[in-house]
Each structure stands twice: as C-alpha cells, then as structure tokens.
Amino acid sequence: MSKGVIDQERNCAEGLNLPADTLPEAPFFPAGLNLVEDRAFAVAYESISPEQRGALKVAIARLGAVYGSPDRLGEERRCSLRQGVDILERSRPVDWAALFWSEEFTSPSQLLAALLPAILAGVPDILACRVRGTAKSSPFPPAQLVALELAGQESVAEVGPEMLGDVLRQIAQGNTSGRIILLGSGLREVDPLVALPGEAEGRIAVWRRCAQQRIGLSAGVVGAQAVSPSADLLAFAHSGAFFHEQCSPDMMPDATLHAIFCGAEEAGAWLGSAPLVLTPGQESCWLWPDLEPGFFRERRISLIGPA
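Quick note: the sequence shown uses the numbering used here, first residue 11, plus one each step.
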C-alpha cells in the first residue's frame, strides 16, 4: 500500500477530531537521529489484517471520545475568592513530549494510550522512540508502527540503549518545557532527569509504567459464549501482557491486576478490583487512568490581592 493511502487513514477514527494547529509544522527530532522510513510503515500496514487495523482505529476513537480535544490550545482565566484575593491562571501545552518504550513492550493499544493524551493536549512536537535491547534486537512490531501511523504521529525513531542519554539531552536543551514517558521493564532503571541539566527538573516531568501489565479475564465472560472475548484480538492489542483466566471478585490472583475484561453487567462490580475495566467490543482499547491530557499542559498561577 502506498504512503498516500495510509495518510488518508490518519486521524480517521470516529471521535478524534484534532484542530489543525495541534499538528507539528516540521518534524521534531534531535540531530543525527534516524527516523523510521516511510517504507517500513507501508510494509507494516500490509502485514496486519483489516480487522486488526480496524481494532486500532477503535482504540484511537475511544481515547478521543474519553479525553476530547481542546477548542483553545492556550487559556487564561481569572476568578475572585471570598478572601479578596484574585487568581490568575494561564495554561498551555508544553513545548514537547518524548515517548520511549523498551523492545519487550509490544502492545500497540497501550502505546496509543500513552501517545494520544499528548496529541489531544495539543503538544506541538512529539517524538515516539523505541529503545532496542542490548542483545540481538527483535524487529519493530508492525502493529505498533501501524498504530502510530493511524494516530498521525510524525516522528518515530528507534535507538540503541547507549544513545538514550544523548537523545534526552538534545530534546531538553534550551529553556523549553516537556514531558517524558517511559514504558516497559527495560527502562525501569532509567532516570531521565539524571541525564539532564539540574534546572530541567522544574520544566520537565516524567511519567512511567515499567511493570508487565496483568489483565484478568472474568470467569463469567469467559464462560458465556455470547460475550466470549476474542482471544486473538486481546493478544494482538495487548501483546506482552499476562492474562489471568477465570477471575472472580472473591477469587483474585495474588498479583495486582491492571485491567479486567468482563461482561457489561459486571463492569461496576469490578471497578474496585482494577483501575481499568473493559467489556466486549472494547478488547482493543486501553487507558492509563492517571495519564490524561492535563499532564501535558503547563500551568502558571498568580495570587493577586491586597498587601
């Protein structure tokens, strides 16, 4: 499939309508960083099925519906408190965001859940970068390339672990604000702020999820043929996750669950057991409940009142 055909599918998922000025005008990447070539995206697109591509579009659409997209990128508001003090607040997207994941982190849906909040917040420059392992590396997962392409992510790269520190220093240079996302157990020991100048701590924040994601399959949904989850679709969307079968609220595995897949009628009961509950039809979806577009915005607050 040609690059042009793939371009037509970018941001096509229902519910994801981005303002034109949220997209970067020029590619954002450090000097000397090799981006993934267009041909690799085209090959990846052809290597997964139409059903799998459709599942990724559903995942993008759900993220757009949950978080929405801002009508205004920058905002200023002022309000008066009873104590006679005014609050003046300004907020805007940070200057850049950088998403890094280690090679054993292979889920396309969980990758989208880390990327889309930055896009929907209106961050102008975003880098998505896979970090290879020290041993013989596995190929870039085609599903992740297709997910990034469908989301409209422009700058996608792959680096060795020895380059990570240099990449961090280059993207954080200058007096810019940014956010760094780390995914996968291979980046568990990485401390991005150590590689950056001391003053960067006040303008750069880090969010990470390095543990293998554990998904529980409700005993009720597994046993009910009418709402039986698609094992292939779950495995595709959440590649690398560990699945616990036959879960019930009174018979939980010893390990903490990050998500539950259950019937719609069970969803409310399961919310106390995992931060994310998915039901039939949402197999390809994922959310990081504590990673929202607000994380990618910079806020300045002024207290104004009598001396």
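Using N, Cα and C, we set each Cβ at its ideal position, and we do this for glycine too. None of the values given here were measured: they were computed from a predicted structure.
Checklist entry - Would you report the Cα separation of I191 and V53, rounded to the nearest angstrom? => result 27 Å
Next on the checklist: Using only CA atoms, which one of G170, F252 and L109 lies nearest to R224?
Outcome noted: F252
Checklist entry - Residue range of the beta strand (DSSP E) that L193 falls in? => result G188 to L193
Checklist entry - Which residues in the same chain have their Cβ closer than 7 Å to the Cβ of W298, if we skip the five residues on either side of it in sequence? => result A123, A124 and R219
Item to check | V287 and I270 closer than 8 Å at C-beta | outcome: yes
Next on the checklist: Give me the DSSP bridge partner(s) of D96.
Outcome noted: S90 and I314
Checklist entry - In this structure, does DSSP put R72 in helix, strand or coil? => result helix
Checklist entry - Would DSSP call V46 helix, strand or coil? => result coil
Checklist entry - CB A274 to CB T289, shorter than 8 Å? => result yes
Item to check | Cβ-Cβ separation, C89 to L109 (assumed contact under 8 Å), whole Å | outcome: The Cβ separation is near 34 Å, so there is no contact.
Checklist entry - How is the beta strand (DSSP E) around D135 delimited, first residue to last? => result D135 to V141
Item to check | Whether L267 touches H254 by CB criterion (8 Å) | outcome: yes
Item to check | Backbone secondary structure at F305 - three-state DSSP | outcome: helix
Checklist entry - Looking at C-beta atoms only, is the number of pairs between the segment 126-139 and the segment 89-101 that lie closer than 8 Å three or more? => result no
Checklist entry - Are the beta-carbon atoms belonging to Y77 and P303 less than 8 Å from one another? => result yes
Checklist entry - With 16 other CB atoms within 10 Å as the buried threshold, where does G42 fall? => result exposed
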